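For reference, the structure is listed below as structure tokens.
Printed below as a string of structure tokens:
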């Protein structure tokens, strides 16, 4: 058996190195597709039709919410949809900003629960408005007190009332808050982390304050109505906001009638010296610039609205409207 010479060995090496280059380039030129081995059983997915139905349903919810909360908080409210997508429940939990408020709500007769998450700075701004403030929030965010938690539960219940009304296009739901917490780690795992959920992200503006509000609807909850979500035909009037029906007008009227307003009557004006002011005692008389037979000015939320005469009704001070001030009178 003869051995290879050095020249033959060098020739074989050069030949192998010459073919390695193109082969390597062919391997490097392949398209590599990423694959997440954690969630490889994505069998239950929302179809495009189902996601479009959910989008239109939540667009109607934003319109109902804007009207309801504007009256409830006595300021301009604007909710808009940022995105709707399907992700794993684990990704939803990981995406939740801390601190924030999360509420789990049942969706009877559907099985299981949904989740709504609201930024904590927006929560404190809402609570401040509910207590009569301008919508401020603390510089250092903290957990809610028992009173603040009760106020937020009432707010969430009112918001879910609009959410339930938006679902009436598809089916009648009974929504109830089951849990409320500020730390997602303490929120129960309502489904396995690898299950698919629809993730609806919204921007909520209340006055000058803006924040994020997100809804999580598991596929396992909506699976029983998946065919309805697929086949439901949204009429042009529904997609456009369906207009104002008589029921809408009646509901809006009831909301407006329940809104509280501040009414004050100006008895008159006068000017006194500081010496006379500090020496006033019980029983002293101060003369105003109004005659007793002249109507007084009544203001509603600091805006002049009526000319009235003062009086008494069953041991209470009262006023009798003499004239309604219109825009032309101002």
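Numbering (my numbering), first residue to last: 404 to 733.
Even for Gly, the Cβ is constructed at its ideal location relative to N, Cα and C.
Computed from a predicted model, the values in this text were never measured in an experiment.
* Output the distance between the C-alpha atoms of residue 676 and residue 559, rounded to the nearest integer angstrom. => Their Cα atoms are separated by approximately 53 Å.
* According to the Cβ coordinates, are residue 523 and residue 585 closer than 8 Å? -> Going by C-beta atoms, residue 523 is nearer than 8 Å to residue 585.
* Indicate whether residue 538 and residue 546 have their beta-carbon atoms separated by less than 8 Å. => No.
* Asked: Of the choices 476, 464, 460, 725, whose alpha-carbon is the least far from that of residue 563?
  -> In terms of Cα proximity to residue 563, the closest of 476, 464, 460, 725 is 464.
* Taking the Cβ atom as the reference point for each residue, do residue 633 and residue 483 lie within a distance shorter than 8 Å? -> In this structure, residue 633 keeps its C-beta atom at 8 Å or more from the C-beta atom of residue 483.
* Which residues bound the alpha helix (DSSP H) around residue 493? -> Bounds of the alpha helix (DSSP H) holding residue 493 are 492-498.
* To do: Measure the alpha-carbon distance for residue 529 versus residue 540 and round it to whole angstroms.
  => So the alpha carbons of these two residues sit roughly 9 Å apart.
* How far does the beta strand (DSSP E) with residue 522 in it reach, from first residue to last? -> Judged by DSSP secondary structure, residue 522 falls within the beta strand (DSSP E) whose first and last residues are 516-522.
* **Candidates 616, 704, 669, 706, of which the one nearest residue 692 by Cα** => That would be 669, whose Cα lies nearest to the Cα of residue 692.
* Who are the Cβ neighbours of residue 469 in its own chain at under 7 Å, not counting the five residues just before and after it? -> Same-chain partners within the cutoff: 480, 481, 482.
* To do: Taking all protein chains shown into account, decide if residue 488 is buried (16 or more other Cβ within 10 angstroms of its Cβ) or exposed.
  => Classification for residue 488: exposed.
* Would you list, in sequence order, the uninterrupted beta strand (DSSP E) runs of no fewer than 3 residues that lie entirely inside the region 594-640? => Whole beta strand (DSSP E) segments, 3+ residues: 599-609, 612-621.
* Could you round the C-beta distance between residue 666 and residue 701 to whole angstroms and report it? I think they count as a contact, below 8 Å. => Between the beta-carbon of residue 666 and that of residue 701 there is about 6 Å, and that keeps the pair under the 8 Å contact cut.
* **Distance, residue 609 Cα to residue 506 Cα** => So the two alpha carbons sit approximately 19 Å from each other.
* Backbone CA spacing between residue 510 and residue 552 [nearest angstrom] -> Linking residue 510 to residue 552 through their CA atoms gives a straight-line distance of about 22 Å.
* Assign residue 542 to one of two classes, buried (16 or more other C-beta atoms within 10 Å of its C-beta) or exposed (fewer than that). => Per the 10 Å Cβ criterion, exposed.
* To do: Taking only the alpha-carbon atoms, compute the straight-line gap between residue 714 and residue 603 and give it to the nearest angstrom.
  => Spanning the two alpha carbons is a distance of roughly 56 Å.
* To do: Output the distance between the C-alpha atoms of residue 570 and residue 697, rounded to the nearest integer angstrom.
  => Rounded to the nearest whole angstrom, the CA to CA distance from residue 570 to residue 697 is 55 Å.
* Asked: For residue 712 versus residue 726, is the C-beta spacing smaller than 8 Å?
  -> At a Cβ-Cβ threshold of 8 Å, residue 712 and residue 726 do not count as neighbours.
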